[in-house]
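The structure appears right after this line, and notes come after that.
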Amino acid sequence: MGQNYDNLWQRVLDIMEERISKPSFNTWLKTTTAVISGNHHIVVQADNDFSRDWLESRYASDIKKVIYDLTGLTYDISFVMKENAERPLNDIDKKEQFPLTKLNPKFTFDNFLVGSSNRYALSAAAAAALLPGRAYNPLYIYSKTGLGKTHLLHAIGNKIKGENPKAKIIYITAEGFANDFIESTAKGAISEFRAKYRHTDVLLFDDFEHLFGKEQTLDEFLHTFNSLYSDTKQIVITCDRRVEDFPPVKDKLLSRLNWGLSVDILSPDEDLLVKLIYFYCKTNDFTMSKEPYDIIRELDIQNVPELFSSLRKVEALLKAEEEQLTIEKRNLSQELTPVKTNDANQMNDLQQKISDLQARVEKLEKGILKQQTY
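Under the numbering used here, the letters of the sequence shown match residues 54 to 427, in that order.
So, in C-alpha cells, the structure goes:
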C-alpha cells in the first residue's frame, strides 16, 4: 500500500465528515483506518464489532460512492475489527458467564404428533437439526398460538445436542432477548451480551412478533443475525404471522428472513386431534368412554393447548363424580346395616330409601362417563 492510498482514505474521511453529523462522524468514522489494495479492494478497520456492523449497514454505500467520485473506480469494501483493538469476543469464557438456556427434554421430534397440518414444518425442522447451518438457514416457522412452534424449536435443539453434546445452543423468546439487551446496555455489558448471542452454534428465537416496535432491539437482532449467518450458524425463528404481514420494519431485516425457508403450521385436522386425544389419555392414564371423533365434534378447538385444557377439565370432573359414586355406595352400605325394629312404617321408609339409593348408584354407574361435560 502506497502513500497515495493513505491519502485516499483521509480524503474519504474528510468528505464524509462534511456529509454526516459531527456526532455520527466522531462516533463511527473518525477513528477508523483502512487498507487499500491495488486491485480495487478496501478493508475498513473499526474499533469494535458493533462499530464494524454499524458502518457496514449504514455507510457502506456512501463510502463506495465517495471513492468512486474521487477515483472513477468501483471498490469492493470489507469491514473488520482492528487487530487487538479490544479483547476478542470469542475469548470470553461464555460458559462461565452465560449459562445457556436449558432445553425442554419433553419436546422432541419423537413425541411431536404429525398430521397434514404440520408435516411440512416438521420435515423442515428435522432437516435443520440434521444439517445445522446448511439446510434451511434461517428457518422461519409461523402459525397461530398453540400449534407446536415452540415444541419444534426445542426438538431442533435437543436433536442437535444429542448429536453434538458440545454444541452451544440458545433458546430465547423475543421478550427475553429484549430484556437482556436493555439490562446489558444499562450495565455497560453490551460486549458480553454480543458474545453470548453471536458466538453460539444455534439460535432458537421464539415469538419474534414481540420485537415489533422496539427499533433498537431489532437493530441489535439484525446485527446478531448477520454475525451468525456469516459464520454458518443455524438460526430458527418463530412468529405468529408471515414475513409479508409484518408491520413496517427495515427492508434488510425482511430480506434476511427470506434468505432461508419459511413454513407454516395450520390448525390441526380431525385425524391429528384424534392422535392428540389418544396421546393425552395414554400419558395421563385416563380412560374416556366417548369416541374421540364424538369429542371433537362437541368441542370448538382452535389449538392443542385448548384441547388439552378441555380434556383436563373432563378428567377432573369425572374424578369428582367417581368420588361422589363412592360416597353414595358408602351411604347405601350404611343404610343396609340390619336394623331391629317392629315398626312397619319405619321398615317401609327404610326399604324406600334403600330402593332410591340403589337407583341413584345404578344411574351413576351407567352414566358417569357419559355426562355432557366436554
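Glycine included, each C-beta is placed from N, C-alpha and C at the ideal position.
Residue i burial status per 10 Å Cβ neighbour count (16 or more: buried)
i: SER170; result: buried
i: LYS159; result: exposed
i: GLU268; result: exposed
i: TYR224; result: buried
i: TRP81; result: buried
i: THR84; result: exposed
i: PRO321; result: buried
i: GLN63; result: exposed
i: LYS214; result: buried
i: GLU273; result: buried
i: ASN311; result: exposed
i: ASN247; result: Here residue 247 turns out to be Arg, not Asn, going by the sequence shown. So ARG247 ends up on the buried side.
i: LEU126; result: exposed
i: SER74; result: exposed
i: LYS118; result: exposed
i: ASP67; result: exposed
i: PRO185; result: buried
i: ASP106; result: buried
i: ASP146; result: At ASP146, the pLDDT of 39 sits below 50, so the modelled position is not reliable; the number obtained from the coordinates is stated separately. Its Cβ having fewer than 16 others within 10 Å, ASP146 is exposed.
i: GLY199; result: buried
i: LEU183; result: exposed
i: ASP260; result: buried
i: THR277; result: buried
i: ASN143; result: Residue confidence is low: ASN143 scores 40 on pLDDT, short of 50, so the model does not pin down where it sits. Its coordinate-derived value is still stated next. With fewer than 16 Cβ atoms within 10 Å of its Cβ, ASN143 is classed as exposed.
Selected residue, minimal CA-CA separation from residue i, among the options
i: PHE258; options: ILE209, LYS305 and SER244; result: ILE209
i: ARG187; options: LEU319, LEU314 and LEU326; result: LEU314
i: ALA177; options: GLY168, LEU192, ASN211 and ASN311; result: LEU192
i: ARG309; options: THR80, TYR282, SER244 and ASP322; result: TYR282
i: PHE265; options: LEU306, THR198 and LEU123; result: LEU306
i: LYS202; options: GLN98, ILE290, VAL97 and ARG111; result: ILE290
i: ASP298; options: GLU262, GLU71 and HIS276; result: GLU262
i: THR86; options: SER104, LYS118 and ALA239; result: SER104
i: HIS93; options: SER131, LEU156, PRO300 and PHE78; result: SER131
i: ASN164; options: LEU156, HIS204, VAL133 and VAL97; result: HIS204
i: ALA174; options: PRO185, LEU184 and ILE194; result: ILE194
i: ASP293; options: ILE235, PHE278 and ALA227; result: ALA227
i: SER429; options: PHE162, THR161 and VAL65; result: What is shown of the chain runs 54 to 427, which leaves residue 429 out entirely.
i: ASN101; options: MET69, ILE89 and MET134; result: MET134
i: THR270; options: ASN232, ASN157 and LEU200; result: ASN232
i: ASN157; options: ASN211, ILE243 and SER196; result: ASN211
Residue i (DSSP reduced to helix, strand or coil)
i: GLU289; result: Note that residue 289 is Val in the sequence shown, not Glu. Strand, per DSSP.
i: PHE318; result: Sequence inspection shows Ile at residue 318; the Phe mentioned does not correspond to that position. It is coil, neither helix nor strand.
i: LYS87; result: A quick correction: the sequence has Ala, not Lys, at residue 87. ALA87 falls in the strand class under three-state DSSP.
i: ILE73; result: coil
i: THR226; result: strand
i: PRO141; result: Low confidence applies to PRO141: its pLDDT is 36, below 50, so where it sits in the model is not reliable, and the reading given next is rough at best. The answer is coil: DSSP assigns PRO141 none of H, G, I, E or B.
i: TYR195; result: strand
i: LEU166; result: coil
i: HIS207; result: helix
i: LYS202; result: helix
i: ALA180; result: helix
i: ARG187; result: coil
i: TRP62; result: helix
i: PHE160; result: coil
i: LYS221; result: coil
i: ASN312; result: At residue 312 the sequence reads Trp, which differs from the Asn that was named. TRP312 falls in the coil class under three-state DSSP.
i: ASN79; result: helix
i: LYS155; result: coil
i: ASN232; result: helix
Which runs of the beta strand (DSSP E) spanning at least 3 residues fall entirely within the region 95-139, listed in chain order?
129-134, all fully within the region 95-139.
Note down, one range per segment and in chain order, each beta strand (DSSP E) of at least 3 residues found wholly within the region 242-310.
Those beta strand (DSSP E) runs which fall completely within the region 242-310 and span 3+ residues are 255-259 and 287-292.
Determine contact between the region 286-293 and the region 237-257, defined as no fewer than three beta-carbon pairs at a distance below 8 Å.
The region 237-257 and the region 286-293 touch, with three or more beta-carbon pairs separated by less than 8 Å.
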